[in-house]
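Notes to accompany the following structure.
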Amino acid sequence: AQTVTQSQPEMSVQEAETVTLSCTYDTSENNYYLFWYKQPPSRQMILVIRQEAYKQQNATENRFSVNFQKAAKSFSLKISDSQLGDTAMYFCAYYQGSGNTGKLIFGQGTTLQVKP
Amino acid sequence: DVKVTQSSRYLVKRTGEKVFLECVQDMDHENMFWYRQDPGLGLRLIYFSYDVKMKEKGDIPEGYSVSREKKERFSLILESASTNQTSMYLCASTPPAGTWRGDEQFFGPGTRLTVL
């Protein structure tokens, strides 16, 4: 079975600095997708960034980028120029489609505090 | 904009009560999901549905059932609530796998359920 592990329960960063959140996963599949979701305090979970396993190029969305190491099964999220609005819980997730539907498998989450 | 709503943000019930959690999406999505979120455990899949009247067990279905009579509505039922079902419950929906953004899940705001 696939598993996703986030080994950092809590992290903090000063505003305007860079922070990296770690994620590792375990799978025997070759084609899959990886995601980072953000859950701000008392607000809905939203997608931050997605990576398709067959693409070697790391995904980037504005200040958010990933370091995808397929052989090492590692998928870290880098947040540059951190802002107070980045304070949230971040979840790494693995997706594999199957038939009519696919399922997400989530990591334990990392709570990020951005300090002014 | 994509919208997933849940019937209550906060709910307090007593042990043994039957509890209904409702989720509605307005995106004509095929697939809908129920998760529970607990500290240190991330999100765990309870049940999902890829079509009206269809349902599949997730990783932790014990003590729960679901109903999907209409495409836009997916209900989670706790037949006899217990204190260990105190948790945050999140609903999500997604287009069918294989469609554009078919792997992205759109989440509701969550229901924080307390069972006394």
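If you're matching them up, the sequences are chains A and B in order.
Whatever position you read off the first sequence (first residue = 1), add 543 for our numbering.
Whatever position you read off the second sequence (first residue = 1), add 56 for our numbering.
Glycine is no exception: its CB is placed at the ideal position from the N, C-alpha and C atoms.
- Taking a Cβ-Cβ threshold of 8 Å, the residues of chain A close to E160 (chain B) are F578, L590 and R593, in chain order.
- The DSSP-derived three-state label of N573 (chain A) is coil.
- In the pairwise beta carbon analysis, the stretch 651-659 of chain A is classified as not touching the stretch 137-148 of chain B: fewer than three pairs are separated by under 8 Å.
- With respect to the 7 Å criterion, Q81 (chain B) and V60 (chain B) are classified as neighbours on the basis of their beta carbons.
- Relative to P583 (chain A), the option among A:L577, A:V591 and A:Y576 whose CA is nearest is A:V591.
- Counting the other CB atoms within 10 Å of its CB gives L172 (chain B) a total below 16, which places it among the exposed residues.
- The Cβ of L169 (chain B) sits no closer than 7 Å to any Cβ of chain A.
- In this chain, the beta strand (DSSP E) harbouring K621 (chain A) covers S617 to I622.
- Using a 10 angstroms sphere on the CB of R606 (chain A), the tally of other CB atoms stays under 16, which defines it as exposed.
- No Cβ-Cβ contact shorter than 7 Å links E595 (chain A) with Y580 (chain A).
- Per the coordinates, the alpha-carbon of G98 (chain B) lies some 17 Å from the alpha-carbon of T630 (chain A).
- For L67 (chain B), the CB contacts under 8 Å within the same chain, skipping 5 residues up- and downstream, are V75, L77, T167, R168, L169 and T170 in chain order.
- Taking 7 Å as the threshold, the shortest C-beta distance from F163 (chain B) to chain A falls below it.
- Rounded to whole angstroms, the gap between the alpha carbons of S571 (chain A) and Q545 (chain A) is 8 Å.
- Unbroken beta strand (DSSP E) stretches of 3 residues or longer found wholly inside the stretch 563-611 of chain A: 567-569, 576-582 and 589-595, given in chain order.
- Selection B:C147, B:E128, B:S121 and B:T150 evaluated against S136 (chain B) yields B:S121 as nearest (Cα-Cα).
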